[in-house]
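According to the numbering used here, the residues represented by the sequence shown are 12 to 218, in order. Heads up, the beta-carbon is just placed ideally off N, CA and C, and yes, glycines get one too. Worksheet for the structure shown next.
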Amino acid sequence: MSGISIIGTGNMARTIGARAVAGGNTVEVMGRDRSRAAALAEALGGGATAGQWGAAPAGDIVVVALLHDGVVPVVAQFGDALAGKVIVDISNPFNAAFDGLAHREETSTAQEVAKVAPAGADVVKAFNTVFRHVLEKGRPDIFIAGDSARAKARVGAFVKSLGLRPLDVGGLGMAHWLEGAGVVTVGLANHGVGNLDFALGITELPA
């Protein structure tokens with residue numbers, strides 16, 4: 012099992028934290044509002060703790076569960092406190108209409124995180140193609156992208172501890188396309204599927 016630190020106290024932080032505790036992982040919650048982080052840690056149970064904002068996270072895997080426009084500034088703020096950590100970006104940088112990405116270049120929030128992350132930290136994109144309640148109640152596939160095979164293996168092991176299947180899509184450059192897949196899920200929810208009760212996944216033909 013893994014030591015997980017979650018930066019953020021919102022719905023995705025709560026959902027990932029709950030699954031992490033259920034999977035036997037050690038969980039730390041970090042929020043600007045220490046009392047809110049403490050309340051979430053108490054609600055998660057399982058020995059979850061509240062860490063100090065800006066301090067070195069206790070977990071080897073740091074899940075940044077923030078809205079996309081806050082991810083890069085917070086990673087930059089934490090700075091060397093994240094050295095040697097695996098930083099997991101779960102955000103979706105949707106535009107205002109939710110039909111495209113906020114950034115116009117072929118980049119991603121995860122790639123921008125990598126530019127400001129300290130030496131020795133590895134960045135992995137994961138969890139962004141799954142709606143929160145599906146992650147809470149279902150068993151969706153979790154797509155992951157990153158340049159470090161070791162970091163992806165560690166995140167993959169964490170995903171498996173949640174009872175889910177990790178699927179490696181390649182290097183960190185693929186995070187751009189995972190964010191595009193996030194846009195696709197919104198399009199499907201609004202049109203082809205017509206609800207939010209689904210997740211993208213892989214169907215394999217029998218051998």
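Give every residue of the same chain whose Cβ lies closer than 8 Å to the Cβ of residue i, excluding the five residues on either side of it in the sequence, and list them in chain order.
i: GLY181; result: ALA156
i: GLY198; result: ASP110
i: HIS79; result: SER102, ASN103, PRO104, PHE105, ALA113 and THR120
i: VAL127; result: VAL83, VAL86 and ALA87
Quick one: residues in its chain with C-beta nearer than 7 Å to the C-beta of residue i, no 5 flanking neighbours on either side, listed in chain order?
i: ALA94; result: PRO129, ALA130, GLY131 and ALA132
i: GLU117; result: HIS187
i: GLU123; result: VAL83
Give the C-beta separation of residue i and residue j to the nearest angstrom, bearing in mind that I take them to be a contact with Cβ-Cβ under 8 Å.
i: ALA54; j: VAL32; result: About 10 Å; that fails the 8 Å criterion.
i: LEU183; j: ASP158; result: 5 Å
i: ALA66; j: ALA48; result: Not really, about 12 Å apart at Cβ, beyond 8 Å.
i: ALA92; j: ILE27; result: Contact doesn't hold; Cβ gap of about 20 Å is too wide.
i: LEU175; j: PRO151; result: 7 Å
Could you tell me the alpha carbon to alpha carbon distance between residue i and residue j, rounded to whole angstroms?
i: ALA69; j: ASP100; result: 17 Å
i: ALA108; j: VAL141; result: 19 Å
i: ILE137; j: GLU190; result: Sequence inspection shows Ala at residue 137; the Ile mentioned does not correspond to that position. Using only the alpha carbons, I get a separation of about 10 Å.
i: VAL40; j: PHE169; result: 16 Å
i: GLY74; j: ARG45; result: It is worth fixing the name first, because residue 74 is Val in this sequence and not Gly. When rounded, the distance between both Cα atoms is 17 Å.
i: GLY90; j: MET12; result: 26 Å
i: HIS144; j: ILE72; result: 23 Å
i: GLY42; j: LEU211; result: 30 Å
i: GLY14; j: GLY56; result: 15 Å
i: LEU216; j: ILE153; result: 19 Å
i: GLY19; j: ARG25; result: 9 Å
i: VAL195; j: LEU146; result: 17 Å
i: ILE8; j: LEU51; result: In the structure displayed, the chain extends from 12 to 218; residue 8 sits before or after that span and is not available.
i: TRP64; j: ALA218; result: 50 Å
i: ARG30; j: LYS148; result: 10 Å
i: MET185; j: GLY21; result: 26 Å
What does DSSP give as the partner residue(s) for residue i in the beta ladder?
i: ALA16; result: In the sequence as displayed, the identity of residue 16 is Ser instead of Ala. SER16 pairs with GLU39 and VAL73.
i: ASP100; result: VAL75 and LYS136
i: PRO177; result: ILE153
i: VAL141; result: ALA210
i: ALA10; result: With the chain running from 12 to 218 in the structure shown, residue 10 is simply not present.
i: PHE105; result: LEU112
By Cβ distance below 6 Å, which residues in the same chain neighbour residue i in space, the five residues on each side in sequence not counted?
i: THR37; result: GLY14
i: GLY193; result: ASN103, ASN139 and THR140
i: LEU207; result: PHE142 and ALA200
i: GLY81; result: none
i: GLY34; result: SER172 and LEU173
i: ASN96; result: For clarity, residue 96 is Lys in the given sequence; the question names Asn instead. Closer than 6 Å at Cβ, skipping near neighbours: VAL73 and ALA132.
> How do the segment 199-207 and the segment 159-167 stand: do at least 3 beta-carbon pairs fall below 8 Å, yes or no?
Replying inline: Counting C-beta pairs closer than 8 Å gives fewer than three between the segment 199-207 and the segment 159-167, which falls short of the contact rule.
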